[in-house]
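Notes follow the structure.
Residue numbers (our numbering): 1 to 471.
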């Protein structure tokens, strides 16, 4: 091919709809749509094979979508600045286009290197906001208004056509094994790609959201009544702005329908959650150290590493049935509803006295929808390290009775407890030996004894300085 290229660097924005960098770059001539697989990134402690499987499915669909426009996605492996250097030497890069990214420490450092590379070569890097997150924000004054402004912007259509590029190999999308990752092929995992995202959004707005407000707290009902869009928002197979606009459009359908008032309230609550999505990512954007450094250095409880407790918690073998069921569900599916995520962190931090970074890193690998800004903000909030004087402590027994009174969720994910009578199911260690023998569940053998007393979370070191909000 002849003439310089506009490089559109896809990161966590794996779509062609509402992708302003792609449209703007295409107006200037030939576009090289590029995704760089970074082996060093995928070896970070918060990355996993299940995340890569979702990402690779999304890349494959993106490649096909771009091919229909005229030029398929080009995939390269290596460090981004080195890949760009080779492309620049071969073709000449006139401009670099991408969305902003608020990721982990690795992507932050990588973006700094790419910016330095672009400056050295006098190549303008055009970055566009993907969410309502604002770069260089001094304070939160007016943030909500600016968020609303961004969400109200017109959706960007895909380019009508991309100029086909000659002499460029599109490259293979590597396997998880090729990146040194466990394949982690989960039969119940959500699948990547924009088509899947659009179908989920449609079914949520037209059917599943009816009971969203009532069902989001229980892991049983939340699996259906929640939008399940979180991995698609995290990997960018769907635009947040599109979700906000279609949600509000759907709300208008109920404006003159008193009978559907509760459905409208459910959608309004979901709309609020979309606002909070950016609120938490903004925290990491404004303070990147949030990922690894406590926001508040004054400790409420003493925590220390304990491999035995961490392993029991991570495998769903704490002896606390509802906690273990939630963890095993997450291990099997890659998803868990918000309240149960908070409970898992709370138990790790207050009952097991584990450092939030250790428990948080394990959860990050399990979540297909891992979004660093949301995840690490929540890890600190649920561990009481944000400086907020109200400390939330989840009682796992109460949570189980509130959200799985029948025990169906526990029985589904803990087969060793399926024959345990309902009266003992949430506290199986209270069974007498004869009952244990009769139902074939010996505590300490078939199922572990509680690793700690669930009823006694650690007492704060300075209780006079804070309010305890027990859930």
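Each residue gets a CB set at the ideal place from its N, CA and C atoms; glycine is no exception.
Short Cβ contact (8 Å threshold) for residue i with residue j
i           : j           : result
residue 293 : residue 345 : no
residue 242 : residue 155 : yes
residue 36  : residue 7   : no
residue 73  : residue 235 : no
residue 204 : residue 227 : yes
residue 96  : residue 118 : yes
residue 403 : residue 219 : yes
residue 263 : residue 317 : no
residue 46  : residue 361 : yes
residue 354 : residue 309 : yes
residue 167 : residue 237 : no
residue 229 : residue 267 : no
residue 305 : residue 358 : yes
residue 173 : residue 60  : yes
residue 440 : residue 422 : no
residue 414 : residue 339 : no
residue 282 : residue 134 : yes
For residue i, the three-state DSSP class (helix, strand or coil)
i           : result
residue 54  : helix
residue 96  : strand
residue 124 : strand
residue 292 : coil
residue 447 : strand
residue 16  : coil
residue 119 : helix
residue 176 : coil
residue 426 : coil
residue 233 : helix
residue 272 : helix
residue 213 : helix
residue 187 : coil
residue 228 : coil
residue 46  : coil
residue 67  : helix
residue 476 : Missing from the structure shown is residue 476; the chain here goes from 1 to 471 and no further.
residue 107 : helix
residue 463 : Any reading at residue 463 needs caution, since the residue's pLDDT is 45, under 50, leaving its predicted position unreliable; the model's value is listed next. DSSP places residue 463 in helix when its eight states are reduced to three.
residue 140 : coil
Contact belief for residue i with residue j at Cβ below 8 Å, rounded distance in angstroms
i           : j           : result
residue 128 : residue 100 : 7 Å
residue 396 : residue 343 : 6 Å
residue 417 : residue 411 : 6 Å
residue 366 : residue 330 : 5 Å
residue 473 : residue 334 : What the structure shows of the chain is the stretch from 1 to 471, and residue 473 is not part of that stretch, so it cannot be assessed.
residue 372 : residue 285 : In fact, because the Cβ distance is near 10 Å, the residues do not count as touching under 8 Å.
residue 384 : residue 295 : Between residue 295 and residue 384 the Cβ distance is about 10 Å, and since that is not below 8 Å, they are no contact.
residue 332 : residue 186 : 6 Å
residue 181 : residue 52  : 6 Å
residue 162 : residue 66  : 7 Å
residue 377 : residue 280 : 4 Å
residue 471 : residue 370 : Residue 471 to residue 370, Cβ: 24 Å. No contact.
residue 4   : residue 87  : Actually they do not touch by this definition, with Cβ atoms about 11 Å apart.
residue 269 : residue 213 : 5 Å
residue 171 : residue 75  : 4 Å
residue 351 : residue 452 : 5 Å
residue 183 : residue 49  : 5 Å
residue 319 : residue 398 : That belief does not hold up - the Cβ atoms of residue 319 and residue 398 are roughly 17 Å apart, past 8 Å.
residue 179 : residue 42  : 5 Å
Cross-strand partners of residue i (DSSP beta bridge)
i           : result
residue 35  : 10, 75
residue 5   : 93
residue 102 : Paired residues: none, contrary to the question.
residue 410 : Paired residues: none, contrary to the question.
Local Cβ density within 10 Å of residue i, reported as buried at 16 or more and exposed below that
i           : result
residue 215 : buried
residue 276 : exposed
residue 392 : buried
residue 132 : buried
residue 433 : exposed
residue 114 : buried
residue 463 : Low confidence applies to residue 463: its pLDDT is 45, below 50, so where it sits in the model is not reliable, and the reading given next is rough at best. Residue 463 is exposed by the Cβ-count criterion.
residue 323 : buried
residue 122 : exposed
residue 22  : buried
residue 484 : In this structure the chain extends from 1 to 471, so residue 484 is not present and cannot be described.
residue 297 : exposed
residue 124 : exposed
residue 477 : Summary: the structure shown does not reach residue 477, with the chain confined to residues 1 through 471, and so no result is reported for it.
residue 380 : buried
residue 461 : Residue placement at residue 461 cannot be trusted, given a pLDDT of 46 that sits under 50; what the coordinates show is reported in the next sentence. Answer is exposed; the Cβ neighbour count stays below 16.
residue 272 : exposed
residue 64  : exposed
residue 89  : exposed
residue 465 : At residue 465 the pLDDT is 42, less than 50, meaning the model places this residue with poor confidence; the figure from the coordinates comes in the next sentence. Answer is exposed; the Cβ neighbour count stays below 16.
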